[in-house]
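Shown next, in structure tokens, is the structure this report addresses.
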């Protein structure tokens, strides 16, 4: 038996090949989609606060623009590699397409820990990175956004740097900006809102009411927090959550009002303030719950632990948390896995809305943005569920198949094959 790969780019290629085979697609489709169109590696110098100069290396991968401009985040994380951003840009192509928005996939990042730098240094690094990738990005070309360890402030610095190069106002070149600087209402909540929305849809298909349903959320940054926040608002019982500091379980349900207050005041949950008993991240994944939401990093559910997963629904808030080998095991067990490219696409959906608002300089109220997100994701979920039933495949294959149907038509019309 072939060894399980944890290389995210190889996993992405496997997922595309599997969907192309099931669709019986023209071999040219996989040939075009298996690699990004362009991967840019940049290096640029930054003067640190102590007067020394350090060279930083960054990447921007542009996977496919058959249906529209490249779109996707920029992450600052010590583990960033070229293969990781290639995989993430590939997943973004399918994430945009499954949601039916006119974008292709892009992704970028640098292997740094932002905590190692002062605010002034981080500003210089962010602006340096934006200028370095400026030749290949633009409002109608490639629109980056925040990702792991980046935020609205970093996007604002990057817009400023890009506009310096462009010599004109182009706020729409980056999304995920603060409201005061062309951001969209409901963007901060968008990804977690979408994870919970798709989880609710899956529960309904299984005839489980979200009211009283049990949730375990791995990863309690922005995505995990808002997944839990909206599940709680819908009457679900959050029995466990974790981040890099804590992993907490309470079978009676965690006091979410206290957790929400703690998170809003401090920006993260740094300690277990009597919320429940301490567990490990591994134990959280294996809890008997209705919904497991892995919202941390990739490769959390593998062939090693998949057989011990007991959740009825796995809603992937993170990118690539489940390996292809684990997918097969979960499918055989009857566990519904809502794939990342569908479950966490709320962020790029509302980034798209932000971009549209920037281009027309007209901004929508919070409720309207969430209603539009709800409509797009609900339609996408039904499309994928129907295709999965028709082909008797899992939701991941169905999501890729739906995306590939759309992208291959665009590529065919362009005369690419």
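In the working numbering, the protein residues as written are 1 to 417.
Even glycine gets a Cβ: it sits at the ideal position worked out from N, Cα and C.
The structure presented is a predicted model; accordingly, all values stated were derived computationally and were not measured.
Residue i versus the options, residue with shortest Cα-Cα distance
i	options	result
residue 370	351, 385, 19	351
residue 255	364, 236, 140, 244	236
residue 181	355, 5, 41, 10	355
residue 59	215, 216, 43	43
residue 107	100, 83, 73, 78	73
residue 214	252, 341, 365, 117	252
residue 130	164, 97, 102	164
residue 212	220, 232, 201, 339	232
residue 49	9, 125, 409	125
residue 243	154, 217, 261	217
residue 299	127, 149, 325, 90	325
residue 311	320, 297, 296, 286	286
residue 119	150, 385, 89	150
residue 343	411, 399, 188	399
residue 408	24, 204, 11, 12	24
residue 64	26, 142, 100	142
residue 171	347, 159, 271	159
residue 353	190, 135, 80	190
residue 306	295, 196, 334, 296	334
Range of the contiguous alpha helix (DSSP H) that encloses residue i
i	result
residue 352	346–360
residue 292	Unbroken run through residue 292 is the beta strand (DSSP E), 291–294; no alpha helix (DSSP H).
residue 122	119–133
residue 146	Premise fails: residue 146 lies in the beta strand (DSSP E), 142–146, not in any alpha helix (DSSP H).
residue 174	Counting along the chain, residue 174 falls outside any alpha helix (DSSP H), and DSSP gives it neither H nor E.
residue 432	Nothing about residue 432 can be reported from this structure: the residues present for the chain run from 1 to 417 only.
residue 337	Residue 337 -> not in any alpha helix (DSSP H); beta strand (DSSP E) instead, spanning 336–338.
residue 81	It is not in any alpha helix (DSSP H) - residue 81 carries neither H nor E in the DSSP assignment.
residue 326	324–332
Collapsed DSSP secondary structure at residue i in the structure displayed
i	result
residue 156	helix
residue 366	helix
residue 281	helix
residue 237	strand
residue 59	strand
residue 6	coil
residue 417	coil
residue 315	strand
residue 403	helix
residue 223	helix
residue 138	strand
residue 242	strand
residue 101	coil
residue 397	helix
residue 22	helix
residue 165	helix
residue 341	helix
residue 67	coil
residue 384	helix
residue 273	coil
residue 208	coil
residue 54	strand
Residue i, buried or exposed, once every other Cβ within 10 Å from all chains shown has been counted against 16
i	result
residue 416	exposed
residue 222	buried
residue 366	exposed
residue 360	exposed
residue 308	exposed
residue 169	exposed
residue 330	buried
residue 146	buried
residue 418	Lying before the first or after the last residue shown, residue 418 is absent from the chain, which here runs from 1 to 417.
residue 345	buried
residue 98	buried
residue 89	buried
residue 320	buried
residue 362	exposed
residue 358	buried
Where the beta strand (DSSP E) containing residue i begins and where it ends
i	result
residue 218	214–218
residue 40	38–47
residue 247	247–249
residue 107	104–110
residue 263	No beta strand (DSSP E) contains residue 263, which is instead part of the alpha helix (DSSP H) from 256–266.
residue 74	70–76
residue 29	Looking at the DSSP string, residue 29 is not in any beta strand (DSSP E); the run it does join, the alpha helix (DSSP H), is 27–33.
Nearest-angstrom beta carbon gap, residue j and residue i [assumed within contact, 8 Å]
i	j	result
residue 31	residue 57	Actually they do not touch by this definition, with Cβ atoms about 30 Å apart.
residue 192	residue 224	7 Å
residue 336	residue 289	13 Å between Cβ atoms; not a contact.
residue 284	residue 318	With a Cβ gap of about 13 Å, residue 284 and residue 318 do not count as contacting.
residue 323	residue 6	7 Å
residue 9	residue 87	4 Å
residue 269	residue 245	7 Å
residue 381	residue 95	Actually they are not in contact, since the Cβ atoms of residue 381 and residue 95 sit about 13 Å apart, beyond 8 Å.
residue 341	residue 313	With 8 Å as the limit, residue 341 and residue 313 do not qualify as a contact, their Cβ atoms being about 16 Å apart.
Residue i: CB within 7 Å of a non-hydrogen atom of the ligand MG
i	result
residue 60	By its list of ligands, the structure shown contains no ligand whatsoever, and the ligand MG lies outside what it can speak to.
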